[in-house]
Amino acid sequence: MGFIARLRAVARATRPVDPEFAAVLERRWAELPESARTPGQLLGRHAVGCEGTHGVFPRCNLKCTPCYHSRDANQVRVDGPHTLEHVAAQMALLREQRGPVAHAQLIGGEVSLLEPDDHAAALRVMRNYGREPMSFTHGDFDYAYLERLALDANGERRIARLSFAAHFDRFMYGRRGITRPDSEAALHPYRRRFAEMFVRLEREHGVRYFLAHNMTVTPGNLDEVADVIREGARMGYGMFSFQPAAYLGDERRWKENYRQATPDAVWAQIERGAGTRLDHRVLENGDVRCNRAAYGYYVGERWYPVLEREDPRDLAMRDEVFFRHFGKVNLIGAPLPVIAVRVARVFARHPGAAVRTVRWVGRCLRRVGVVRLVRHRFRIRPVSFVMHQFMDAEQVAPAWELMRRGEQAADPALRETQERLAACHYTMAHPEDGTLVPACVQHAVLDEAENAQLRTLLPVVEVRTS
Ligand code: SF4
424 MGFIARLRAV
434 ARATRPVDPE
444 FAAVLERRWA
454 ELPESARTPG
464 QLLGRHAVGC
474 EGTHGVFPRC
484 NLKCTPCYHS
494 RDANQVRVDG
504 PHTLEHVAAQ
514 MALLREQRGP
524 VAHAQLIGGE
534 VSLLEPDDHA
544 AALRVMRNYG
554 REPMSFTHGD
564 FDYAYLERLA
574 LDANGERRIA
584 RLSFAAHFDR
594 FMYGRRGITR
604 PDSEAALHPY
614 RRRFAEMFVR
624 LEREHGVRYF
634 LAHNMTVTPG
644 NLDEVADVIR
654 EGARMGYGMF
664 SFQPAAYLGD
674 ERRWKENYRQ
684 ATPDAVWAQI
694 ERGAGTRLDH
704 RVLENGDVRC
714 NRAAYGYYVG
724 ERWYPVLERE
734 DPRDLAMRDE
744 VFFRHFGKVN
754 LIGAPLPVIA
764 VRVARVFARH
774 PGAAVRTVRW
784 VGRCLRRVGV
794 VRLVRHRFRI
804 RPVSFVMHQF
814 MDAEQVAPAW
824 ELMRRGEQAA
834 DPALRETQER
844 LAACHYTMAH
854 PEDGTLVPAC
864 VQHAVLDEAE
874 NAQLRTLLPV
884 VEVRTS
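In case it helps, the working numbering puts the sequence shown at residues 424 to 889.
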C-alpha cells in the first residue's frame with residue numbers, strides 16, 4: 424500500500440462518523456414509538472441496542488428458578504461446529520440489518536460448556552461482524568478454562584480483551600461447593616473468586632477484561648440486593664445488572680409470586696446498595712418499563728453519577744456535547760488509540776465542545792472533592808447499575824402475534840407490551856427467515872419449537888460409567 428493510500432486508510436478508520444452507522448441510527452430512531460423518543464434516549468442516537476445469540480448452545484449445568492429457557496434446552500448437546508455456524512449466520516444478519524457495530528451477548532445455556540477453542544472462535548466470529556462480544560456464564564468454571572480460552576495452543580495470547588457477564592444468585596442450584604446457597608452473602612466468596620481469575624489472567628497474560636454481575640431478583644432475595652452491591656463493588660465488577668423475575672421460559676421453574684418484586688422495589692434496593700438515589704431518566708436504553716440504567720463511578724465507597732439531572736450544565740453536556748457531537752461517533756470495538764483520534768477530531772472541529780467537556784470533568788472532580796480523591800489516590804472505578812425487566816410470556820405471545828399481523832392491540836396492557844417490544848433494546852436474529860425479534864419474544868414464543876428441533880438434531884448422548 425502506497426503512502427497516500429495508507430494515509431487515506433488511517434483517515435477513514437479515525438473519521439468520527441461512519442455514514443453507514445449514522446444511517447442505521449437514524450432508521451432506528453424513526454422506528455421507535457413516540458413513548459421512547461425521550462430526551463435521554465440512547466437508541467437511535469448513539470446505539471442500535473444490544474444483541475444476543477440463541478439456539479447455539481442451549482444447555483446449562485446449573486438449575487435456576489426461574490429459568491428463561493424452554494424445558495427442552497437441557498436435552499440439546501453442546502456442539503462446537505453447530506455453535507460456530509449459527510453464531511456466524513446470526514451475526515451476519517445483525518450486521519446486515521443493524522449496521523457495523525453493536526454490543527452482542529454470546530448467550531444461550533452456559534457458555535463455559537463450549538470447548539475453549541470453540542468459545543474463542545465464536546468471539547472471533549462476532550468481532551469479525553463488528554460485534555463487541557460478552558460471554559454469559561454462571562461463573563462456575565476454573566482458571567484453567569479461562570486461560571485456555573485466552574491463549575492459543577502455543578500459550579500465546581489470542582484475545583486481547585474479554586467481557587463476561589456472570590450470573591450469581593441464591594436460586595441457582597448445583598454450583599460446585601455450594602449446591603443450594605442459603606443466602607446471597609454465602610455466594611460472595613464465589614463472586615470474588617470469579618473476579619479474581621480475571622485479575623490473575625491480566626497479571627499473567629496481559630488480557631484486559633470487563634465484568635458484569637447479573638442477578639435475578641425475586642421476593643426471596645429482594646432485601647439482599649443492597650448487600651450484593653456493597654460487597655460486589657469492591658470485587659472488580661464494572662456493571663451490576665438485576666433482572667426482576669418474570670414468568671417466562673420453563674414453567675416448571677416458576678417458584679414464587681414474582682410480581683411482588685416490582686421494578687420500583689428492586690430499583691429502591693439497588694439505590695440502597697449504591698448509597699444514593701439513582702436517576703434512570705438521564706440516559707435511557709429503549710423503554711424505561713424494560714430497562715433502567717444509571718452510569719457513574721466509585722471513588723472509595725461512594726458512587727457518583729456521570730450526569731446529574733438537577734444540574735442544567737450536565738443536561739447541556741448530554742444534549743449539546745454528547746448527543747450532538749458524539750452521538751453518531753462509534754466509541755466501541757475499536758482500539759483505544761483509534762477512538763482517541765476520533766474524539767480528538769471531533770474536538771478539533773468543535774472547540775466549544777472541548778471547553779464544555781473540560782468544565783464537566785471539573786464539576787465531576789469537585790463533586791468528589793480533592794480530599795477524597797487524594798485519599799483514594801485518584802482511583803476512579805466506573806460502575807453502572809442496570810435493571811432489565813423481561814415481560815411475562817402470557818403478555819408477549821398475543822402482543823407479538825398482533826404485531827406480526829400489523830395490528831395494534833385494543834387492550835391497554837397488550838398495547839403497552841407492543842410499545843415495549845417496538846422499543847426493544849435486546850434483539851435476536853433469525854437468519855432462516857431474515858427476521859429480528861426481541862429477546863422476550865424469543866423466550867416466550869420461539870424457544871420451545873427451536874429447542875425441540877435442536878433436541879432431535881443434537882441429542883445428548885448419555886455415557887454409562889458403570
Ligand atoms: S427483551 Fe423484552 S423486556 Fe427486554 S428490552 Fe426487549 S421488549 Fe423489553
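All residues carry an ideal CB built from backbone N, CA and C; glycine is no exception.
Proximity of residue i and residue j at Cβ, strictly below 8 Å
i       : j       : result
Val-722 : Leu-796 : yes
Arg-584 : Asp-575 : no
Glu-647 : Ser-606 : yes
Pro-481 : Val-499 : yes
Ile-652 : Gly-696 : yes
Gly-655 : Phe-663 : yes
Phe-617 : Val-524 : no
Leu-517 : Ala-846 : no
Met-514 : His-561 : no
Asp-563 : Arg-599 : yes
Thr-850 : Leu-844 : no
Ala-545 : Thr-602 : no
Phe-559 : Leu-537 : no
Arg-779 : Met-740 : yes
Residue i beta carbon near ligand 1 (any heavy atom closer than 7 Å)
i       : result
Asn-714 : yes
His-590 : no
Met-814 : yes
Ala-862 : yes
His-703 : no
Asp-710 : yes
Arg-843 : yes
Cys-490 : no
Tyr-727 : no
Cys-483 : no
His-898 : No information on residue 898 is available, as it lies outside the stretch 424 to 889 that the chain covers here.
His-373 : The structure shown does not extend to residue 373, since the chain is modelled only from 424 to 889, so the question has no answer here.
His-811 : yes
For residue i, three-class secondary structure by DSSP
i       : result
Tyr-568 : helix
Met-424 : coil
His-590 : strand
Arg-779 : helix
Gly-475 : strand
Asn-637 : strand
His-542 : helix
Tyr-613 : helix
Ser-889 : For Ser-889, the pLDDT reaches just 46, beneath the cut-off of 50, and the residue's location in the model is therefore unreliable, although a value from the coordinates is still provided. Note: Ser-889 maps to coil in three-state DSSP.
Val-440 : strand
Gln-831 : coil
Ile-652 : helix
Leu-574 : strand
Val-752 : strand
Ile-762 : helix
Gly-629 : coil
Glu-839 : helix
Val-793 : helix
Ile-601 : strand
Leu-455 : coil
Glu-707 : strand
Arg-482 : coil
Residues bridged to residue i [DSSP beta-bridge criterion]
i       : result
Asn-714 : His-811
Ala-470 : Leu-466
Trp-726 : Tyr-721
Thr-907 : Nothing about residue 907 can be read from this structure; the chain reaches only from 424 to 889.
Leu-529 : Ser-558
Gln-666 : Thr-639
Glu-519 : Partner(s): none; Glu-519 has no beta bridge.
Pro-805 : Tyr-720
Met-595 : Cys-487
Pro-882 : Val-499
Leu-585 : Tyr-632
Residue i beta carbon near ligand 3 (any heavy atom closer than 7 Å)
i       : result
His-542 : Of the ligands this structure carries, namely ligand 1, none is ligand 3.
Closer than 8 Å to chain C by CB, residue i
i       : result
Leu-448 : In summary, chain C is missing from the structure at hand, where a single protein chain is found.
message: Taking 8 Å as the cut-off, does the stretch 699 to 717 touch the stretch 769 to 789 (at least 3 CB pairs, one atom from each stretch)?
response: no
Stretch-stretch touch, CB-based, cutoff 8 Å, three pairs: the stretch 831 to 838 with the stretch 734 to 750:
no
Item to complete: Indicate whether the contact test is met: 3 or more Cβ pairs, each with one atom in the stretch 807 to 825 and one in the stretch 783 to 798, closer than 8 Å.
Response: no
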